[in-house]
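Novice:
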Amino acid sequence: MCESNNSVEAAMHVAPLELSDNRRQQQIEAALCELQFTMETVKKIGRVFESELEKGIHEEPSSLQMENTYIPELPDGTEKGKFLALDLGGTNFRVILLELDDGKVTDEKVKHYHLDDELKVGCGDRLFGFLAECISDFVKEQNLTGARLPLGFTFSFPMIQKALDVGILVTWTKTFNCPSVVGKDAVQMLKDAIHRRGDTHVEVLAVLNDTTGTLVQGAVLDNRTAIGLILGTGSNACYLERADRVQHWEGQRHGEKQVIIDIEWGAFGDNGVLDFIKTDYDREVDKNSLLATSFTFEKYISGKYLGEIVRVILVRLTANGLLFDGIASKKLLSQNSFPTSYVSQIEQDTVDGGNKNTEDILDKFNLQYTTEDIAVVKYVCEVVSNRSALLVSICLSRLLIRMDRPDTTIAVDGSLFKHHPRLKTWMNKYIQLLAPGKKFRLLLAEDGSGKGAGIVAAIALRLKERFQET
Ligand code: ADP
Ligand code: MG
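Going by our numbering, the sequence shown opens with residue 35, and the numbers climb by one from there.
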């Protein structure tokens, strides 16, 4: 039933499972069939993405927020001097000092600070007071107390940007919850806290997220970069859009030709437009997740969820007597017990033609398995990973067609992309198939939330000086 008579479609499917028991094989393939798309479905996903993107950019109801970042240009190779970055909302809280010369990073200093849980859920003034204290400590340590230091603020929370340096917090996520900050401008709160101390000359010039930082960091490595992509715990993308297509623009325009748009694609489909690809496995993952019914697209593709999708499928196959002789283990039945790094390790076996990683993992789960069970587990990991690669590729190919550039580098960051052994290969293949003739490459651009933010501060300084002159 999953067979394909279309050669492009077949190229997007994984190799068939080969088991000695034909009936079992067919039942397993049928159970996973919906995870491999027909060409019609692939096209429909692309059309829906494009339509949501158009709606979002025209400020009509859409699951794509299409945030204006107000970053109208990329590094041009003249960036020079010392710049700070503050990274809040990622795995670590950090202050970074970048030294730039001819647009290249010539030196980088980083200090991690510990954020007490109490600060994360207390009053906003205390939180921002602490951030300012860390900046001040770092600046003193670097002997830069008297220096004028532009700062780029990576604030990885949902925000509405009103200018390059105005970001209104929509809601806290992760482990943060300081209610008094919701609805306020995080940049102004940081500026006020720095001002209250009065012991440094740090100027907060820009607020951004990791996706935007990745695009900008990619542009330093390769000036053809025009798309930024995150494939880590979560997923998001941003791209350079023509400024005349962007409706939402608060404040004065200065003849900008283009601007980075943060798509916020993790939420793609939250309004139901992607329900036609949702499987029972996805519904179960969603139901058990922290934020049910939101981040629909992210739940199909990102590191936080791929392992859990695999686990849910394995449990279902076992319950139907198609795996492990029908006997699951306690660990396999526990939610989130199957991290996405396991999926990468099992995929590595498939690439190498071995079974060692898969056996080690199944042993950790106290499962009794046969050689054919191993083949099934590998097949499940392959199908789930492949769907992630295909979904990301469908959207990226639509962006490439929309942007219509002669040559585009896609800057990517995130551990899923970095460590999964096949994602990149699949993405290269699928984007070529779906955006034929469009020249592109995927480039690993690490630390957008650190380096990228420092470079955005340099761009912001250049813009500020230019607009003051005119
Ligand atoms: P973040 O997204 O928080 O900035 P990363 O980009 O490092 O951080 O992504 C971390 C996530 O990547 C983990 O939550 C996990 O889901 C996924 N991950 C970590 N290691 C691997 C791996 N070896 N293979 C695939 N995914 C991984
Ligand atoms: Mg990250």
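We put the CB at the ideal spot given by N, CA and C, even for glycine.
This structure is a prediction, so every number in the text was calculated from the model and none was measured.
Report yes if the C-beta of residue 234 is less than 8 Å from at least one heavy atom of the ligand ADP; otherwise report no.
Specialist: Taking the sequence shown and counting its residues from 1, the one referred to as residue 234 is at position 200. No.
Novice: What residue ranges within the region 151 to 219 form continuous alpha helix (DSSP H) runs of no fewer than 4 residues, ordered along the chain?
Specialist: You should have 151 to 154 and 158 to 175.
Novice: Quick check on this structure: which residue in 82, 107 and 341 has the alpha carbon closest to the alpha carbon of residue 266?
Specialist: As a first step, residue 266 is located in the sequence shown; it is residue number 232 there, counting from the start. Looking at the Cα atoms, 341 is the closest of the given residues.
Novice: Please classify residue 157 as buried or exposed, where buried requires at least 16 neighbouring CB atoms within 10 angstroms.
Specialist: By one-based count along the sequence shown, residue 157 stands at place 123. It counts as exposed.
Novice: Considering only residues of the same chain and omitting the five flanking positions on each side of residue 432, which have a CB-CB separation below 7 Å?
Specialist: Within the sequence shown, residue 432 is the residue found at index 398, counting from 1. The residues are 80, 83 and 84.
Novice: Go to residue 415, then tell me how far its alpha helix (DSSP H) extends in each direction, as first and last residue.
Specialist: In the sequence shown, counting from the first residue as 1, residue 415 sits at position 381. Where residue 415 is concerned, the enclosing alpha helix (DSSP H) stretches over 405 to 437.
Novice: Return yes when at least one heavy atom of the ligand MG lies under 8 Å from the C-beta of residue 125, else no.
Specialist: Translated into positions along the sequence shown, residue 125 becomes position 91. Within the cutoff, so yes.
Novice: Within the region 284 to 326, note down every full alpha helix (DSSP H) run reaching 4 residues or more, in order along the chain.
Specialist: 314 to 321, all fully within the region 284 to 326.
Novice: Using only the alpha-carbon positions, how far apart do residue 379 and residue 397 sit?
Specialist: For this step, residue 379 is matched to residue 345 along the sequence shown. For this step, residue 397 is matched to residue 363 along the sequence shown. Their backbone Cα atoms lie some 14 Å apart in a straight line.
Novice: Please report the distance separating the alpha-carbon of residue 430 from that of residue 465.
Specialist: Position 396 of the sequence shown holds residue 430. Position 431 of the sequence shown holds residue 465. Looking at the two C-alpha atoms, the distance is approximately 7 Å.
Novice: Suppose the cutoff is 6 Å on Cβ atoms and the five residues either side in sequence are ignored; what does the same chain contact list for residue 121 look like?
Specialist: Position 87 of the sequence shown, counted from the first residue, corresponds to residue 121. Excluding sequence neighbours, residue 121 sits near 128, 188, 483 and 484.
Novice: Considering only DSSP beta bridges, list what residue 507 is partnered with.
Specialist: Residue 507 is absent from the structure shown; the chain starts at 35 and stops at 504.
Novice: Taking 9 Å as the threshold (C-beta atoms), are residue 61 and residue 356 in contact?
Specialist: Here residue 356 refers to the residue found at position 322 of the sequence shown. Here residue 61 refers to the residue found at position 27 of the sequence shown. Contact flag set, yes.
Novice: My assumption, with CB atoms under 8 Å, is that residue 245 sits in contact with residue 277. Please give the rounded CB distance.
Specialist: Here residue 245 refers to the residue found at position 211 when the sequence shown is read from its first residue. Here residue 277 refers to the residue found at position 243 when the sequence shown is read from its first residue. Between residue 277 and residue 245 the Cβ distance is about 19 Å, and since that is not below 8 Å, they are no contact.
Novice: Look at the Cβ atom of residue 422, then the Cβ atom of residue 336, and state whether they are nearer than 9 Å.
Specialist: Against the sequence shown, residue 422 aligns to sequence position 388. Against the sequence shown, residue 336 aligns to sequence position 302. Yes. Within cutoff.
Novice: Using DSSP with H/G/I as helix, E/B as strand and the rest coil, what is residue 462?
Specialist: Within the sequence shown, numbered from 1, the residue matching residue 462 stands at position 428. In the structure shown, residue 462 sits in a helix (DSSP, three-state: H, G or I).
Novice: Please go through the same chain and pick out, in chain order, the residues whose beta-carbon is closer than 7 Å to the beta-carbon of residue 35, but skip the five residues on each side of it.
Specialist: In the sequence shown, the residue the question calls residue 35 occupies position 1. With a pLDDT of only 49 at residue 35, under 50, the local geometry of the prediction cannot be trusted, and no value is derived from it.
Novice: With distances taken Cα to Cα, identify the nearest neighbour of residue 343 among 418, 96, 406 and 56.
Specialist: Counted from its first residue, the sequence shown places residue 343 at position 309. Measuring from the Cα of residue 343, the nearest candidate turns out to be 418.
Novice: Is the closest heavy atom of the ligand MG to the C-beta of residue 266 under 8 Å?
Specialist: Numbered from its first residue, the sequence shown carries residue 266 at position 232. The answer is yes for residue 266.
Novice: Can at least three beta-carbon pairs, one atom from the region 442 to 462 and one from the region 222 to 238, be found at a separation below 8 Å?
Specialist: These segments do not touch.
Novice: How far does the beta strand (DSSP E) with residue 363 in it extend, from its first residue to its last?
Specialist: Here residue 363 refers to the residue found at position 329 when the sequence shown is read from its first residue. Neither: residue 363 is in no beta strand (DSSP E) and is coded neither H nor E.
Novice: Using a threshold of 9 Å, state whether the C-beta atoms of residue 282 and residue 374 are closer than that.
Specialist: By one-based count along the sequence shown, residue 282 stands at place 248. By one-based count along the sequence shown, residue 374 stands at place 340. Against a cut-off of 9 Å, the Cβ pair of residue 374 and residue 282 comes out as no contact.
Novice: Within 10 angstroms of the Cβ of residue 492, are there 16 or more other Cβ atoms? Answer buried if so, exposed if not.
Specialist: Residue 492 sits at position 458 when you count from the first residue of the sequence shown. Under this definition residue 492 is a buried residue.
Novice: Please state whether the Cβ-Cβ distance between residue 447 and residue 478 is less than 9 Å.
Specialist: By one-based count along the sequence shown, residue 447 stands at place 413. By one-based count along the sequence shown, residue 478 stands at place 444. Taking 9 Å as the Cβ cut-off, residue 447 and residue 478 qualify as a contacting pair.
Novice: Residue range of the alpha helix (DSSP H) that residue 56 falls in?
Specialist: Reading the sequence shown from its first residue, position 22 is the one you call residue 56. That run of the alpha helix (DSSP H) goes 56 to 66.
Novice: Can you give me the start and stop residues for the beta strand (DSSP E) that residue 477 sits inside?
Specialist: Along the sequence shown, read from residue 1 onward, the residue named residue 477 stands at position 443. Unbroken beta strand (DSSP E) run through residue 477: 474 to 478.
Novice: Under the three-state reduction of DSSP, which class applies to residue 225: helix, strand or coil?
Specialist: Start at 1 with the first residue of the sequence shown, and residue 225 comes out as number 191. If DSSP states are grouped into helix, strand and coil, residue 225 belongs with the helices.
Novice: For residue 35, name the three-state secondary structure that DSSP assigns.
Specialist: Along the sequence shown, one-based indexing puts residue 35 at 1. No answer about residue 35 holds up, because its pLDDT of 49 lies below 50 and its placement is not dependable.
Novice: Excluding the 5 residues flanking residue 289 on each side, which residues of the same chain have their C-beta closer than 8 Å to its C-beta?
Specialist: Within the sequence shown, numbered from 1, the residue matching residue 289 stands at position 255. Answer for residue 289: no residue qualifies.
Novice: Starting from residue 346 and walking both ways along the beta strand (DSSP E), at which residues does that stretch end?
Specialist: To locate residue 346, count along the sequence shown from 1; it is residue 312. Looking at the DSSP string, residue 346 is not in any beta strand (DSSP E); the run it does join, the alpha helix (DSSP H), is 337 to 353.
Novice: Less than 8 Å between the CB atoms is what I'm expecting for residue 17 and residue 275, so what's the real figure, rounded?
Specialist: This structure gives no information on residue 17, because the portion of the chain shown stretches from 35 to 504.
Novice: Measuring CB to CB, does residue 92 end up less than 9 Å from residue 180?
Specialist: Numbered from 1 along the sequence shown, position 58 holds the residue referred to as residue 92. Numbered from 1 along the sequence shown, position 146 holds the residue referred to as residue 180. Cβ distance not < 9 Å, so residue 92 and residue 180 don't count as in contact.
Novice: Compute the beta-carbon to beta-carbon distance between residue 481 and residue 251, rounded to the nearest angstrom, for a pair I have assumed lies under 8 Å.
Specialist: Counted from its first residue, the sequence shown places residue 481 at position 447. Counted from its first residue, the sequence shown places residue 251 at position 217. Confirmed, about 7 Å.
Novice: Excluding five sequence neighbours on each side, which residues of the same chain lie with their C-beta closer than 7 Å to the C-beta of residue 200?
Specialist: Here residue 200 corresponds to residue number 166 of the sequence shown, with the count starting at 1. Around residue 200: 219 and 221.
Novice: Relative to the C-alpha of residue 434, which residue among 411, 285, 316 and 258 is closest?
Specialist: By one-based count along the sequence shown, residue 434 stands at place 400. For the residues 411, 285, 316 and 258, the minimum Cα distance to residue 434 belongs to 258.
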